[in-house]
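Asker:
Number of protein chains: 2
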Amino acid sequence: MSIKLAILGLLSWKPSTGYDLKKMIEDSSFMHWSGNNNQIYKSLVQLLEDGWVTHEVQHQESSPSKKIYTITDKGLAELRNWVDSSPELPELKKGFLTQLAWADQLNSKELDDLLSRYEAEISLHLALQEEKKRRSLYVPNRTEREACLWEMIAENIISSYRNELLWVQQLRQKLV
Amino acid sequence: MSIKLAILGLLSWKPSTGYDLKKMIEDSSFMHWSGNNNQIYKSLVQLLEDGWVTHEVQHQESSPSKKIYTITDKGLAELRNWVDSSPELPELKKGFLTQLAWADQLNSKELDDLLSRYEAEISLHLALQEEKKRRSLYVPNRTEREACLWEMIAENIISSYRNELLWVQQLRQKLV
DNA sequence: GGTGTCATGTAAACAGTTACATGATTTT
DNA sequence: AAAATCATGTAACTGTTTACATGACACC
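Protein chains in written order, with this note's numbering: chain A, 69 to 244; chain B, 69 to 244.
#1: Exposed or buried, which one is Val125(B) when buried takes at least 16 other CB atoms within 10 Å?
#2: For a quick check, are the C-beta atoms of Leu112(A) and Lys82(A) less than 9 Å apart?
#3: DSSP state of Lys162(B), grouped into three classes?
#4: Going by beta-carbon coordinates alone, are Gly143(A) and Leu76(A) separated by less than 9 Å?
#5: Work out the CA separation of Leu79(A) and Lys201(B) for me, nearest whole Å.
#6: On a Cα-Cα basis, can you pick out the residue from Pro155(B), Val244(B), Trp101(B) that is closest to Ser191(A)?
#7: Starting from the C-beta of Met127(A), find all residues in its chain whose C-beta is less than 7 Å away, skip the five residues before and the five after it, and write them out in chain order.
#8: Output the distance between the C-alpha atoms of Lys110(A) and Glu146(A), rounded to the nearest integer angstrom.
#9: What residues are listed by DSSP as bridge partners for Glu124(B)?
#10: Given a cut-off of 9 Å, decide if Glu189(B) and Lys161(A) are closer than it, judged by their beta-carbon atoms.
#11: Three-state secondary structure (DSSP) at Ser84(A)?
#12: Just to confirm the assignment, what range does the alpha helix (DSSP H) spanning Asn104(A) have?
#13: Since Trp170(A) meets chain B, which of its residues come closer than 7 Å, beta carbon to beta carbon?
#14: Going along chain B in order, which residues have a C-beta closer than 7 Å to the C-beta of Gly163(A)?
#15: Any residues in the stretch 221-233 of chain B with a beta carbon nearer than 9 Å to a beta carbon of chain A? Which ones, in chain order?
#16: Do Trp170(A) and Asn224(B) have their CB atoms nearer than 9 Å?
#17: Determine, using beta carbons only, whether Ile190(B) comes closer than 9 Å to chain A.
#18: Which same chain residues end up closer than 7 Å to Glu214(B) when comparing Cβ atoms and leaving out the 5 residues on each side of it in sequence?
#19: Looking at C-beta atoms only, is the number of pairs between the stretch 93-101 of chain B and the stretch 178-185 of chain A that lie closer than 8 Å three or more?
#20: Chain B beta carbons: is any one of them nearer than 9 Å to that of Trp218(A)?
#21: Does chain B have any CB closer than 9 Å to the CB of Trp120(A)?
#22: Contact check, Val151(B) vs Leu174(A) under 8 Å by CB: the rounded distance?
#23: Once you ignore the five residues that flank Gln107(B) on each side, which residues in its own chain have a CB closer than 7 Å to its CB?
#24: Taking Cβ positions, are Arg240(A) and Asp180(A) nearer each other than 9 Å?
#25: 9 Å is my cut-off, CB to CB: does Thr138(A) come that close to chain B?
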């Protein structure tokens with residue numbers, strides 16, 4: 069799963085500059101790339117070379133000129149092709165589990181403290197995700213079904229953190 | 069969260085060779101590194117330089133000589149220090165969500181097919197994780213509490229996939 | 001006068017994967 | 001005869017992050 073396909077997706081929604089894409093990717097909960105310049109501007113050059121996008125330079129007074137990228141038919145076909153390809157399993161990287169794996173050297177209080185700090189972080193992040201969902205900037209809403217899909221995508225992330233929260237609370241209970 | 073700390077943890081359980089570590093990391097559900105040679109053998113060299121481990125070369129007839137790595141007091145202190153450090157948020161990379169985000173261009177049947185393929189993959193992987201938990205190779209069991217922690221770590225992974233499965237089933241229902 | 005937004009890009013470093021390389025023994 | 005296990009390591013590549021670099025304008 070390459071960031072190029074996320075960019076292609078966003079451009080299939082609306083023509084954008086690298087700067088726009090950066091903001092959309094950074095704001096997104098499910099596009100898991102950091103959205104740093106290096107990745108985005110390099111990808112755009114590659115997408116141009118592939119012929120999946122075109123760009124138009126727009127000069128502006130009083131702010132830097134920008135390149136507005138638009139998806140081509142070839143790019144749309146590629147996107148469609150990819151959307152229908154075999155789904156990947158999620159990659160769950162939970163560093164905390166590795167930390168917890170060797171936590172038996174802590175005493176009861178230290179261990180519970182550690183778990184409570186994790187609980188607090190998850191709890192905070194969950195609230196943040198819920199807030200983000202309420203705000204929902206940058207959400208395409210072209211059909212009812214698309215709105216439903218995006219709603220459920222946001223719900224997926226939230227339910228993951230809710231699940232994590234329940235788990236840590238259960239564990240703390242068990243260890244009392 | 070570096071693989072070095074996972075290795076240090078494993079060595080705090082028992083002295084091992086790079087080869088052993090590779091197997092343990094590959095088999096683990098929660099140590100999310102692939103366990104490729106490059107990473108492991110390079111990390112071991114660094115851990116030696118740091119003074120966190122020592123090694124003893126054991127020559128063998130009829131198989132290559134091996135280096136048995138043992139954690140030092142300095143390494144143990146470092147591990148303990150790290151285990152008690154502030155927990156990181158999980159990193160959830162779900163490529164499928166990005167795929168689904170642009171799936172409104174598929175017709176109902178294609179979309180349901182896609183979701184059913186994802187459901188099947190998750191379902192299979194969930195069974196695999198449950199089987200892995202039953203098998204539980206390479207699980208330290210030095211205290212009751214440690215056993216409980218490892219049990220809950222395995223449960224964490226399983227519940228994540230169970231949650232994902234429920235989510236996709238719900239979505240399919242919604243789209244009927 | 002400092003910070004934030006708009007807008008592009010590059011350089012260096014680090015992390016991670018795949019594939020290559022060797023070589024003996026054991027199992028199928 | 002082929003494949004798997006034991007055991008070490010390297011080379012090349014891809015992906016990702018952090019930091020640097022520029023420059024005008026707007027807001028506090």
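Yeah, the Cβ is synthetic: ideal placement off N, Cα and C, and Gly gets one too.
Answerer: Concretely, from the data shown:
#1: Burial call: exposed.
#2: At the C-beta level, Leu112(A) and Lys82(A) stay beyond 9 Å of one another.
#3: Taken through DSSP and simplified to helix, strand or coil, Lys162(B) comes out as coil.
#4: Between Gly143(A) and Leu76(A), the CB-CB gap stays under 9 Å.
#5: Distance between the alpha carbons of Lys201(B) and Leu79(A): 43 Å.
#6: Looking at the Cα atoms, Pro155(B) is the closest of the given residues.
#7: Reading the sequence as shown, one finds His at residue 127(A) and not Met. Cβ neighbours of His127(A) beyond the five flanking positions: Ser133.
#8: If I take the Cα positions, the gap works out to 19 Å.
#9: DSSP output for Glu124(B) lists Ile136(B) as bridge partner(s).
#10: No, they are not a contact pair.
#11: Reduced to three states, the DSSP call for Ser84(A) is strand.
#12: Here Asn104(A) belongs to no alpha helix (DSSP H), and DSSP marks it neither H nor E.
#13: Ordered by position in chain B, the residues that pass the 7 Å Cβ test against Trp170(A) are Gly77, Ser80, Leu147, Val151.
#14: Within chain B, the residues near Gly163(A) are Met69, Glu156.
#15: If the cut-off is 9 Å between Cβ atoms, the stretch 221-233 of chain B has Ile221, Glu223, Asn224, Ile225, Ser227, Ser228, Tyr229, Arg230, Asn231, Glu232 near chain A.
#16: Here Trp170(A) is not near Asn224(B), since their CB atoms are 9 Å or more apart.
#17: Look at Ile190(B): its C-beta is under 9 Å from a C-beta on chain A.
#18: If the five residues before and after Glu214(B) are omitted, its C-beta is found closer than 7 Å to the C-beta atoms of Pro208, all from its own chain and listed in chain order.
#19: Contact fails between the stretch 93-101 of chain B and the stretch 178-185 of chain A, because fewer than three Cβ pairs, one in each stretch, are under 8 Å apart.
#20: At least one chain B Cβ lies under 9 Å of Trp218(A).
#21: For Trp120(A), the answer is no, since every Cβ of chain B falls outside 9 Å of its Cβ.
#22: Contact holds; Cβ gap of about 7 Å.
#23: So the list reads Ile71, Trp101, once near-sequence residues are dropped.
#24: Between Arg240(A) and Asp180(A), the C-beta spacing is below 9 Å.
#25: Using a CB distance cut-off of 9 Å, Thr138(A) does not count as an interface residue toward chain B.
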